[in-house]
Amino acid sequence: MTVLSFPDDFLWGTATSAYQIEGAWNEDGKGPSVWDRFAHQPGRVVGNQNGDTACDHYHRWREDLDLIKELGLKAYRFSISWPRVMPAGKGKVNAPGLDFYDRLVDGLLERGIEPFPTLFHYDLPLALHEKGGWTERDTASAFGEYARVLADRLGDRVTWWITINEPQIVALLGYLAGMHAPGVRSPRAMVRAAHTLLLAHGESVRAIRSTAKRPARIGIALNLAPVHPVSGRAIDRQAAENFDIISNRMYLDPILRGAYPPNLWRYFRPFAPAIRDGDMQKIAEPIDFLGVNYYTRVVVAGSRLIPFLGGRMVKPEGGEYSDVGSETYPEGLGELLDRIWTDYHPARLLVSENGIAVKDVPDTAGAVDDPVRISYLRGHLAVLHRTIQKKVPVIGYFIWSQMDNFEWSLGYGKRFGLVYIDFATQQRIRKSSFHWYAEVIRRNGLEDMR
Ligand code: FCB
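Numbering (my numbering), first residue to last: 57 to 506.
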């Protein structure tokens, strides 16, 4: 069988985020985040679960790093909890919080693994939310200040930085649908939040670049998806274009072209944010790579009854679906990366998240076999290999997730990890996909199954 080989310096990785794994929500001087408060409110999360303990990674990080080393990862993406480092979001720095990430970075480097910190993965300091949060421009300046603190402390050892994870999800689920913290439901708040998040990204790129001691490579992680009309009818095609503009282009265009898509604000009339002189230049501050979080495609059916978007998402028939109901569609990863490369030409691309939720259950011997996950990953890697052959500069691939964790409003029931977590005992169990991925990394490629 032929082997699909990847470039020699390809960055094989996994990803996690602070609130989803750390626990220790109120230890060592950490301030509360919007997620601490949100998850403590009854009815917000399935089963009223919360991230108070999560994977207890704050205390078990050495064991987790040993597993990462055993897996053979070249790179590990984690996020830094802003309120652990700056309990009120600005001003005072919490030394024990910063020390934690300093040790984590050293722990990775000692094990030969490249750290990929993300500065913001949903856990906004509650104190900033109380002053307006992402709807308030000052939050972007506060984020710049926080980025400077991190670059000053870690920038002698960290090369790769991801500013913000999925601004679209924060704006849409946090400020429009109210399904994520802070639970706001307002179209006006949503568009303002999106603009401030983009501004914050730009502020932090500048802050890191001017502060870090070693040359930094900075990017952002966007959740992106190809949008397909359910049929060739004009109404379906129009709806698909609308979805593409407000979910993909609303973030890609400002960052990589320095302008919002033409006509974007007609979707949000009368809620367009106030854009000040200099904002767009700041947002388009050059980045070194674009992180793409890809899980599935979006299929859209047009409808005259739906104002604003002119359509709704539908489940295509005959597909395979994950435990969170998303379709397994590996071709979409190739289509997406090709399109971004052709339309935007970012310096480099990184698959910053890809993975699948499966109902994993240990067998009587305590082993966890997850062939569905292996098949999902294999399919996506085969497509990625083809994309790289076409000279699209993809530098790495990060699986979501290193371990099972707190899946936001869906709680602990949705498992994405290569490592199974028994949340009652905090025991870690390597799934079959863990061994499979270790072998892919060891061979720097995989068998061609087609
Ligand atoms: C992404 C998030 C990540 C996790 C995965 C399943 O949208 O970045 O935190 O929830 O989805």
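Beta carbons are placed, not taken as given, at the ideal position from N, Cα and C, and that holds for glycine.
The structure displayed is predicted, hence computed values, not measured ones.
Exercise for the section: Check the DSSP bridge columns for Ile-276 and list the partner residues they point to. Expected result: Leu-346
Exercise for the section: Can you tell me which of the three DSSP states Arg-133 falls into? Expected result: strand
Exercise for the section: Could you tell me whether the stretch 302-312 touches the stretch 414-422, using the rule of 3 or more Cβ pairs below 8 Å? Expected result: no
Exercise for the section: Evaluate Ala-330 with the Cβ neighbour count: other Cβ atoms within 10 Å of its Cβ, from every protein chain shown; 16 or more gives buried, anything less gives exposed. Expected result: exposed
Practice task
Answer yes or no: the CB of Ser-73 versus the heavy atoms of the ligand FCB, is any distance below 7 Å?
Solution key: yes
Handout entry: Contact test: Ile-225 Cβ vs the ligand FCB heavy atom, cutoff 7 Å
Key = yes
Handout entry: Other residues of its chain near His-113: CB distance less than 6 Å, five sequence neighbours each side excluded
Key = Ile-77, Glu-78, Asp-120
Practice task
Check the C-beta distance from Gly-147 over to Gly-85 and give it rounded, since I have them as a contact under 8 Å.
Solution key: Actually they do not touch by this definition, with Cβ atoms about 13 Å apart.
Exercise for the section: Take the Cβ of Thr-58 as the centre, count every other Cβ of all protein chains shown within 10 Å, and call the residue buried at 16 or more, exposed below. Expected result: exposed
Exercise for the section: Work out the CA separation of Ser-197 and Asp-333 for me, nearest whole Å. Expected result: 16 Å
Exercise for the section: Look at the Cβ atom of Val-348, then the Cβ atom of Leu-393, and state whether they are nearer than 8 Å. Expected result: yes
Handout entry: the ligand FCB heavy atom lying under 7 Å from the CB of Trp-456
Key = yes
Exercise for the section: Counting only the same chain and skipping the five closest in sequence on each side, list residues whose C-beta sits under 6 Å from that of Glu-463. Expected result: Lys-470
Exercise for the section: Locate the alpha helix (DSSP H) running through Asp-292, then write down its first and last residues. Expected result: 290-300
Practice task
Please name the residue in Trp-81, Phe-94, Ser-260, Arg-270 whose C-alpha comes closest to that of Pro-143.
Solution key: Trp-81
Practice task
May I have a chain-ordered list of the beta strand (DSSP E) segments no shorter than 3 residues that lie completely inside the stretch 167-196?
Solution key: 170-176
Practice task
Give a yes or no on whether the C-beta atoms belonging to Pro-173 and Ile-218 are separated by under 8 Å.
Solution key: yes
Exercise for the section: Could you tell me the boundaries of the alpha helix (DSSP H) in which Val-417 lies? Expected result: Looking at the DSSP string, Val-417 is not in any alpha helix (DSSP H), and its letter there is neither H nor E.
Exercise for the section: Check whether the Cβ atoms of Ser-20 and Arg-429 lie closer than 8 Å to each other. Expected result: With the chain covering only 57 through 506, there is no way to say anything about residue 20.
Exercise for the section: To the nearest angstrom, report how far apart Gly-375 and Ile-444 are at their CA atoms. Expected result: 26 Å
Exercise for the section: Could you check the C-alpha separation between Asp-379 and Tyr-350 for me, to the nearest Å? Expected result: 16 Å
Problem - In chain order, each beta strand (DSSP E) run of at least 3 residues that lies wholly inside the stretch 354-436 - result: 354-358, 367-369, 405-410
Handout entry: Host alpha helix (DSSP H) of Arg-471 (start-end)
Key = Arg-471 -> no alpha helix (DSSP H), and no H or E assigned at all.
Problem - the stretch 449-467 in contact with the stretch 92-110 per 3-pair CB rule at 8 Å - result: yes
Handout entry: Stretch-stretch touch, CB-based, cutoff 8 Å, three pairs: the stretch 126-138 with the stretch 483-501
Key = yes
Practice task
Look at the alpha carbon of Gly-501 and the alpha carbon of Gln-294, and state the distance between them as a whole number of angstroms.
Solution key: 40 Å
Practice task
Grab me the residues of Ser-61's own chain with a C-beta within less than 7 Å of its C-beta, minus the 5 sequence neighbours each way, in chain order.
Solution key: Asn-500, Gly-501
Handout entry: Residue(s) in a DSSP beta bridge with Thr-70
Key = Tyr-132, Ile-455
Exercise for the section: Measure the C-alpha to C-alpha separation of Asp-158 and Arg-116 and round it to an integer number of angstroms. Expected result: 15 Å
Handout entry: Beta-carbon contacts of Met-246 that lie in its chain and below 7 Å, excluding the five residues immediately before and after
Key = Ala-227, Leu-228, Tyr-231, Leu-232
Exercise for the section: Assign Phe-156 to buried or exposed, taking buried as 16 or more other Cβ atoms, counted over all protein chains shown, within 10 Å of its Cβ. Expected result: buried
Problem - Closer than 7 Å: Phe-472 CB and nearest the ligand FCB heavy atom - result: yes
Handout entry: Per DSSP, cross-strand counterpart(s) of Asp-478
Key = Gln-483
Practice task
Please go through the same chain and pick out, in chain order, the residues whose beta-carbon is closer than 6 Å to the beta-carbon of His-251, but skip the five residues on each side of it.
Solution key: Pro-329
Handout entry: Host beta strand (DSSP E) of His-236 (start-end)
Key = Segment: none, His-236 is in no beta strand (DSSP E) and carries neither H nor E.
Problem - Asn-304: CB within 7 Å of a non-hydrogen atom of the ligand FCB - result: no
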